[in-house]
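Listed in order, the protein sequences are those of chains A and B.
Just so we're aligned: 73 in numbering that gives the first Met the number 0 is position 74 of the first sequence, and the numbers increase by one with no gaps anywhere.
Just so we're aligned: 353 in numbering that gives the first Met the number 0 is position 354 of the second sequence, and the numbers increase by one with no gaps anywhere.
Glycine included, every Cβ here is placed at the ideal spot set by N, Cα and C.
On a predicted model such as this, the values are computed, not experimentally measured, just so you know.
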Amino acid sequence: MKRGPIRMVIAAATMAVLVLGAAGCKSKNGPGGPGLDVDVLPPFDTDGAGWTQATRSEFGDLITDANAKFENVSFAYDSFTIAQSERRKIEAVADYLVGNPQTTVVIDGHCDERGSREYNLSLGEHRALAIRAYLISLGVAGDRIHTRSFGEEQPLDHGHGDASWLVNRRGAFSLFRK
Amino acid sequence: MNYIRQFCRKSVWLALSSVLVLLALRLASAQDIRIVGVGADLKIPLSLHELTGGATVAEKRFLDVLCADLVRSGWFTVSDAAPVIVLRGTCQVAGSSLEVRCEVLNRVTGKFYFARVYREEAARAPAAAHALADAVVEAVKGVKGIASTRIAMIGSREGMKDLYVIGSDGQDLVLLTRDGVPSLSPAWTPDARSLFYTSFVRGFPDVYRIDLERVRRTRVVAFPGINTGAQVSPDGRFLALVLSKDGNPEIYTQELSSGKLTRITRTAHAAEASPVWSPDGRQLAFVSDSTGAPHIYVTGREGGKPQRITFRGNENVSPSWGPDGRLVYSSRRLGRYQLCIYDPQKRMEQEPLTTDAVDHENPSWAPNARHIVYSRTEGYAASVYILDTMGDPQLQLTPLKGDWYFPVWSPR
Chain A
0 MKRGPIRMVI AAATMAVLVL GAAGCKSKNG PGGPGLDVDV LPPFDTDGAG WTQATRSEFG
60 DLITDANAKF ENVSFAYDSF TIAQSERRKI EAVADYLVGN PQTTVVIDGH CDERGSREYN
120 LSLGEHRALA IRAYLISLGV AGDRIHTRSF GEEQPLDHGH GDASWLVNRR GAFSLFRK
Chain B
0 MNYIRQFCRK SVWLALSSVL VLLALRLASA QDIRIVGVGA DLKIPLSLHE LTGGATVAEK
60 RFLDVLCADL VRSGWFTVSD AAPVIVLRGT CQVAGSSLEV RCEVLNRVTG KFYFARVYRE
120 EAARAPAAAH ALADAVVEAV KGVKGIASTR IAMIGSREGM KDLYVIGSDG QDLVLLTRDG
180 VPSLSPAWTP DARSLFYTSF VRGFPDVYRI DLERVRRTRV VAFPGINTGA QVSPDGRFLA
240 LVLSKDGNPE IYTQELSSGK LTRITRTAHA AEASPVWSPD GRQLAFVSDS TGAPHIYVTG
300 REGGKPQRIT FRGNENVSPS WGPDGRLVYS SRRLGRYQLC IYDPQKRMEQ EPLTTDAVDH
360 ENPSWAPNAR HIVYSRTEGY AASVYILDTM GDPQLQLTPL KGDWYFPVWS PR
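Encoded structure:
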């Protein structure tokens with residue numbers, strides 16, 4: 000178990016003394032009234048930059064070669080079934096892994112924004128696991144395939160319609176070399 | 000007068016959060032609450048007229064906050080005309096401290112509830128007001144007050160997601176993390192001194208504990224796959240959580256002292272999520288999609304065959320198991336998530352509490368088993384609201400820009 004410091008923030012603020020909606024109270028507003036400064040929080044630092052590529056230490060270095068970039072696998076709404084049309088994408092990854100024995104793959108499972116965030120975290124994991132199972136069936140050793148679910152937290156497309164949702168329901172591949 | 004001397008317990012929270020962002024609470028436009036219990040007609044008239052003070056800023060602030068707290072409790076109307084409950088005494092600032100001497104009595108029955116003295120730094124006048132308001136609610140109504148409680152939640156501002164805590168009156172917003180990464184599922188420990196939550200700060204969904212007293216964050220569960228949804232048992236000794244380390248997302252419990260895991264669900268072809276403990280700690284409710292769509296199930300704390308409890312709606316997710324034994328959850332009806340209550344005594348899914356054509360998600364019971372905090376999404380913007388199951392208007396807790404979701408009410 001490791002420990003990290005919690006970075007307490009914080010920002011000063013005006014004294015916005017409430018009390019709207021408290022019928023019958025002697026005074027509706029305290030000093031300063033209900034105004035508030037929403038921009039008092041300091042800018043976020045950049046410590047979190049690159050966190051999406053952070054890995055469990057054992058994975059090795061991210062491979063950025065063009066031939067290690069693979070298409071995302073698409074899913075139907077609330078489904079982790081791999082459609083016939085998506086199989087070739089996974090087969091391409093399997094070919095690469097078989098041809099490059101020192102590599103491992105991390106499969107990121109993603110969902111669209113509909114549904115509960117907690118359920119979507121589980122659904123995204125299921126999507127990544129379904130891809131993993133197919134890779135294993137194609138002859139890739141299970142210990143070379145890691146999964147990570149982002150649920151609905153990392154959309155590729157920030158829109159809110161069918162086209163955006165289709166892009167966001169995906170399994171994505173990152174390859175690592177030891 | 001036989002005053003009982005009592006110092007307001009210092010809020011650990013306020014001590015560690017040096018500076019606070021204060022928000023204004025405001026009445027929401029949302030009026031879609033269905034009255035399910037006693038209504039406004041049964042509120043008790045209460046007078047603060049004989050509680051004298053207000054000459055200084057701190058005294059005035061104390062009285063304003065006390066009044067707002069008593070109104071927000073839902074049990075009283077504050078009125079000087081024909082009061083039933085009377086608070087009388089003095090609030091006075093001397094130097095940098097505020098002293099409140101107050102007795103509470105029922106003018107109709109003659110019943111005397113209590114007399115207490117509250118002393119607090121003048122700058123912390125609201126804390127004294129919250130303590131007195133909660134004492135009044137408990138003495139007169141025999142139920143817990145919520146004035147001193149807080150709500151943890153996730154805020155997303157320009158895509159930067161972090162953990163926040165806010166007072167249940169919409170004051171004292173505190174940013175707890177500055178990671179700007181996906182953060183989910185905050186949960187209080189029963190003593191309200193720590194929070195568990197899920198963060199991607201190290202790249203993967205792992206469970207962290209934030210000790211609010213020592214201002215320290217520790218990663219506590221980090222198996223391969225997802226580690227999320229941690230909820231502390233009522234005795235504080237166990238977590239219920241979701242892990243996928245054994246193949247797919249399943250519910251487990253973990254003893255905090257030993258780390259020993261017990262697997263609760265075994266569904267090779269289904270995803271589980273959102274475990275919650277029953278108030279007696281003997282059962283767990285959770286979400287499973289084993290029928291093809293997510294619904295809520297209940298099982299024993301050691302596992303066993305889960306029993307499905309929700310059948311209405313296309314989906315039922317995000318249960319919160321209240322202190323009186325009722326569950327509240329989000330039920331997808333006509334394409335929108337509405338809040339529903341399940342009463343295990345009657346084994347009945349009640350009609351939705353909400354009917355507006357917006358999404359109502361992640362409900363969490365207040366310790367008074369009357370109010371519910373939830374995330375309301377309208378036009379793809381989420382904010383946190385408080386709903387009164389007895390019919391008072393909803394209150395918007397987070398008028399700030401940004402998205403606010405996963406609210407969880409502190410247990411005290």
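- Straight across, the Cα-Cα distance linking Leu86(B) with Gln349(B) is about 38 angstroms.
- For Ile340(B), the nearest beta carbon of chain A is not closer than 8 angstroms to its own beta carbon.
- Per DSSP, Asn119(A) lies in no beta strand (DSSP E); the unbroken alpha helix (DSSP H) holding it starts and ends at 116-136.
- Here DSSP, grouped into helix, strand and coil, assigns Glu249(B) to strand.
- Of the other Cβ atoms in all chains shown, 16 or more fall within 10 Å of the Cβ of Arg147(A); this residue is therefore buried.
- With fewer than 16 neighbouring CB atoms inside 10 Å of its own CB, Lys177(A) falls in the exposed class.
- By the 16-neighbour rule on beta-carbons within 10 angstroms, His129(B) is buried.
- Interface flag for Thr298(B) against chain A is unset, since no Cβ pair is found closer than 8 angstroms.
- For the 8 angstroms CB-CB criterion, Ala191(B) and Val206(B) do not form a contact.
- In the three-state scheme derived from DSSP, where H, G and I count as helix and E and B as strand, Glu98(B) is classed as strand.
- Put simply, the backbone Cα of Leu386(B) is about 11 angstroms away from that of His359(B).
- Between the segment 241-257 of chain B and the segment 113-133 of chain A there are three or more inter-stretch CB-CB distances shorter than 8 angstroms, so the stretches are counted as touching.
- Against Glu124(A), the close residues of chain B are Gly224, Ile225, Ser243, Asn247, Pro248, Ala270, in the order they occur along the chain (beta-carbon pairs closer than 8 angstroms).
- Contacts with chain A at 8 angstroms (Cβ-Cβ) include Tyr379(B).
- Annotation for Asp387(B): the continuous beta strand (DSSP E) segment containing it runs 380-387.
- For Pro351(B), there are no neighbours in chain A by C-beta distance under 7 angstroms, as the nearest C-beta there is about 16 angstroms away.
- Contact with chain A is found for Asp63(B), since one of that chain's Cβ atoms lies less than 8 angstroms from the residue's Cβ.
- In the structure shown, His129(B) adopts helical secondary structure according to DSSP, grouped into three states.
- Membership of Ala284(B) in the beta strand (DSSP E) is indicated by the continuous run 282-287.
- Between Thr261(B) and Leu240(B), the gap from beta carbon to beta carbon reaches 8 angstroms or more.
- Straight-line spacing of the CA atoms in Phe111(B) and Leu50(B) works out to 16 angstroms.
- With 16 or more other Cβ atoms from the protein chains shown falling within 10 Å of its own Cβ, Thr188(B) counts as buried.
- Residue environment analysis places Ser95(B) among the exposed positions, since fewer than 16 neighbouring C-beta atoms fall within 10 angstroms of its C-beta.
- Taking C-beta atoms as the reference points, Lys88(A) and Val105(A) fail to come closer than 8 angstroms.
- Between Val286(B) and Val316(B), the beta carbon gap of about 5 angstroms places them in contact (Cβ cut-off 8 angstroms).
- As summarised for the segment 182-218 of chain B, the continuous beta strand (DSSP E) elements at least 3 residues long and confined to that stretch are 182-187, 193-198, 205-210, given in chain order.
- Looking at the DSSP output, Arg156(B) bridges to Met159(B).
- In the structure shown, Cys66(B) falls within a helical segment according to DSSP collapsed to helix, strand and coil.
- By the C-beta density criterion, Met152(B) is buried, having at least 16 other C-beta atoms within 10 angstroms.
- In this structure, the alpha-carbon of Leu283(B) lies about 44 angstroms from that of Ala121(B).
- Within the segment 203-217 of chain B, Phe203, Pro204, Ile209, Val214, Arg215, Arg216, Thr217 place their CB atoms closer than 7 angstroms to a CB of chain A, listed in sequence order.
- Within chain A, the residues placing a beta-carbon under 7 angstroms from that of Gly228(B) are Glu117, ordered along the chain.
- Closest in alpha carbon position to Thr298(B), among Val275(B), Arg375(B), Arg177(B), is Val275(B).
- Proximity to Tyr118(A) across Asn361(B), Ile263(B), Gly401(B) peaks at Asn361(B), based on C-alpha coordinates.
- Taken atom to atom, the span from the alpha-carbon of Ala114(B) to that of Leu65(B) is near 16 angstroms.
- Residue pairing of Thr103(A) in beta bridges, as defined by DSSP: Phe175(A).
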